[in-house]
Every structure is written in C-alpha cells, then in structure tokens.
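The next block holds one structure in the form of structure tokens; read it before the comments.
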Amino acid sequence: MRIFDPRIHMTSRTTDDYEAMYTAGVRALVEPAFWLGQPRTSPQSFLDYFDALLGWEPFRAAQNGIAHHCTIALNPKEANDPRCTPVLDELSRYLVKDGVVAVGEIGYDSMTPAEDTALAAQLELAAEHGLPALVHTPHRDKLVGLRRTLDVVAESKLPVDQVLVDHLNETTVKEARAAGAWLGFSVYPDTKTDEHRMVAVLKEYGPERVLVNSAADWGRSDPLKTRKVGEAMLAAGFDEDDVDRVLWRNPVAFYGLSGRLALELAKPASLHEGNSILRGGE
C-alpha cells in the first residue's frame, strides 16, 4: 500500500513519526503552513517558518525515505491579527519555490471580514502563480463556511477544480462535490472524522477526487490514520485499486496541478524495507 498524506504538519511531529510513517507505506506528503499554537508577533516569524518548510522538513523527510512538499499562505486564524497580515506582501517570493505545490492553508476560521479579505487575496495569488489552493473549512458552522468559501472561489480567477476543500464531513461533502472541488477529509482519533465514517462516505460518493489526510499536528492526532483508512477500505470490500486511487493517485493528481511534484526519492541507507526508488503515479 503506497500512501501520499496530502495534509500533515510534520513540524509538530518527531523523527519516530517519520520512521513509523515510512514503515506504514507513506512515501510522500504535503505540509501546509498553519497556526503554530502561539500568536505570532511579527511577519518575520512567518518567514523563518516558511524557510523551515522548504529546507529543514524536506531534509528530515528525505532521511526517512519520504518526499516532502509544502503549501505556503497566511492561515485563516492569523488573518485576523493585524500584526500578521503584512506577510501577504511576502508570499509571492515563496510561491515561486520548487517545493511549494499549492497556496494554503487558506479559508475560514471564524468567518470574519478579515478572513474574507485574506482568502480572496490568496486565491488571486494562486491564480497568478499557476498553483492550486488548499482551503480550510471552519470547525464551526461548517456548511455555512463551505458555502461562503465556494462563493469567494467563484468570484476569483482560480477555477474551482483547482481547489481542495478540506476538513469536509457528511454535512458538507455533497455540496463541495457538486461544485466541482476536490474533496479533502481529515481523519482524527476523536474529532473531524474517523476511518469508519470515511469508508461510509466513500461508499456513498465514491473515490473520485477524494483525498484523505491525517492532518497530524500538536494535538491528539495520528500520523498513521491514512494507513488505517486504507485497511478499513479493504475490510469493507473496496479493492486495492480504489485504495491506491484515494491514498496515492488522487493526491498526485491534485498537487500535480502545480507542475512541481518530485516523487522520485532514493531510499536512505538507514532503511532496509521497501523499494530503492520511489516513483509516484506509476
């Protein structure tokens, strides 16, 4: 089982997590820029963080046989802080970097006017730079947030079929699918959704354009949830091709819209299992 985790915050994870992910079949991932848990007091702290996403984390991942990519953005929560919003003027110089495969995470947290402005501005940046967008739907009032998101996307220059709408659940998937967006699901131990609910969604809506992520971060989360979804799919009667579509080919197809995926990676000397060369999309 080959796995591409399309949304995971490895900055908050340990080397042991990388090793366990490799053993579970993870061969590629995307790490979105996100809120770090403590308020930033200067745009400069974003720049150090972006540099780490483009340098240190790809190095850590490569040491463990995993291809690392990232997305860059001002996240929704910090879009409300006037100390943070000047970073919007700095994004373009990061969005041209080879390791950046989307603008994200953008979208809504509390659905404020400041979040409206940041979302619209960053959708424009995505269109200008020829990148897809990774969109965060709010934790509360999810259906309202989804509809507001889709309205802003419709007003932008970025086509909806270049947008991955994440943190979907049973209440939002139907409208996101009907709009033509890519469908992202975060699988958590306690919140968001779990592997069994994910299988039920796949039974109802099918595997097309569906991406499943662990979204593992500082809180209680599990970087192996992608593997557990694959196992649950097989147990529920899906075949290996369906699993490969959801856990590998769909993430490759979406982030491949950037033209920057680099999925060929030499096996590190410390690893003794798996293929010596990892090729995506084959």
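Whatever position you read off the sequence shown (first residue = 1), add 1 for our numbering. Idealized CB from N, CA, C, for every residue including glycine. As the structure is a prediction and not an experimental result, all values here were calculated from the model.
Please report how far the alpha carbon of residue 156 lies from the alpha carbon of residue 16, in whole angstroms. 42 Å
What is the residue span of the beta strand (DSSP E) that residue 214 lies within? 211-214
Can you tell me where the alpha helix (DSSP H) with residue 106 in it begins and where it stops? Where residue 106 is concerned, there is no enclosing alpha helix (DSSP H), although the beta strand (DSSP E) it sits in stretches over 101-108.
So, residue 173 versus residue 138, is the Cβ gap smaller than 9 Å? yes
State the DSSP-derived secondary structure class of residue 47, mapped to helix, strand or coil. helix
Among 88, 183, 190, 81, whose alpha-carbon lies nearest the alpha-carbon of residue 257? 183
Is there contact between the segment 52-69 and the segment 209-225, where contact requires at least three CB pairs shorter than 8 Å? no
Given a threshold of 16 other Cβ atoms within 10 Å of its Cβ, counted over all protein chains shown, does residue 141 qualify as buried or as exposed? exposed
Alpha carbon to alpha carbon, how far is residue 3 from residue 147? Give it in angstroms, no decimals. 30 Å
Expressed to the nearest angstrom, what Euclidean distance is found between the alpha-carbon atoms of residue 29 and residue 112? 32 Å
Considering only the beta carbon of each residue, do residue 32 and residue 86 sit closer than 9 Å? no
Run the CB neighbour count on residue 227, radius 10 Å, all protein chains shown included, and call it buried at 16 or more, exposed below. buried
Among 170, 175, 176, 178, whose alpha-carbon lies nearest the alpha-carbon of residue 199? 170
Exposure of residue 246, with buried meaning 16 or more beta-carbon neighbours within 10 Å: buried
Just verifying my parser: in three-state terms, what is the DSSP assignment at residue 288? Residue 288 is absent from the model: the chain starts at 2 and stops at 283.
In the DSSP assignment, find the unbroken beta strand (DSSP E) run with residue 126 in it and report its ends. First-last for residue 126: 114-130, but that is the alpha helix (DSSP H), not the beta strand (DSSP E).
Measuring only the C-alpha atoms, how far is residue 104 from residue 135? 6 Å
Is the CB-CB distance between residue 21 and residue 225 below 9 Å? yes
Taking just the CA atoms, how far does residue 12 sit from residue 23? 17 Å
Taking a contact to mean a Cβ-Cβ separation below 9 Å, would you say residue 119 touches residue 77 in this structure? yes
Let me check understanding here. Comparing Cα to Cα, which of 254, 259, 248 lies closest to residue 26? 248
Mapping DSSP to helix, strand and coil, what is residue 36? coil
Report yes if the CB atom of residue 133 is closer than 9 Å to the CB atom of residue 259, and no otherwise. yes
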